[in-house]
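Read the structure below first, then the notes.
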Amino acid sequence: WMLELVRMAVREGVLPDLPPAFLGPMIVRVLNGILAAIAAGETGMSEDEIVEAGLAMLRKA
80 WMLELVRMAV
90 REGVLPDLPP
100 AFLGPMIVRV
110 LNGILAAIAA
120 GETGMSEDEI
130 VEAGLAMLRK
140 A
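At position 4 of the sequence shown (counting the first as 1) the number is 83 in our numbering, and the numbers step up by one without a gap.
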């Protein structure tokens, strides 16, 4: 289901059209970074700002 979700996001232009073998690990890394930043609570950013920044990084991948 994750692969289909990624394919849908690519079709809709939310994520760049990159090979799943590359995009999958990048998604995992960015999501881990988002969760780590929220858990640390030291960024000076709100949770929403952290999530938006992480999603912006994925869009630029």
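Here a beta-carbon is modelled for each residue, glycine too, at the ideal position from N, C-alpha and C.
Buried versus exposed call for Gly120 [16 or more other C-beta atoms within 10 Å across all chains shown]: If you number the sequence shown from 1, residue 120 lands on position 41. When all chains shown are included, Gly120 counts as exposed.
Spatial distance of Leu84 from Gly123 (CA atoms): Numbered from its first residue, the sequence shown carries residue 84 at position 5. Numbered from its first residue, the sequence shown carries residue 123 at position 44. Looking at the two C-alpha atoms, the distance is approximately 31 Å.
C-beta atoms of Val109 and Met136 nearer than 8 Å: Here the question's residue 109 lines up with position 30 in the sequence shown. Here the question's residue 136 lines up with position 57 in the sequence shown. Yes; because the gap between Cβ atoms is below 8 Å, this pair is in contact.
Classification of Leu102 by the beta-carbon crowding that lies within 10 angstroms, buried from 16 upward: The count along the sequence shown starts at 1 and reaches residue 102 at position 23. When all chains shown are included, Leu102 counts as buried.
Neighbourhood of Trp80 by C-beta, 8 Å cutoff - its chain only, sequence neighbours within 5 removed: Translated into positions along the sequence shown, residue 80 becomes position 1. There are no such residues.
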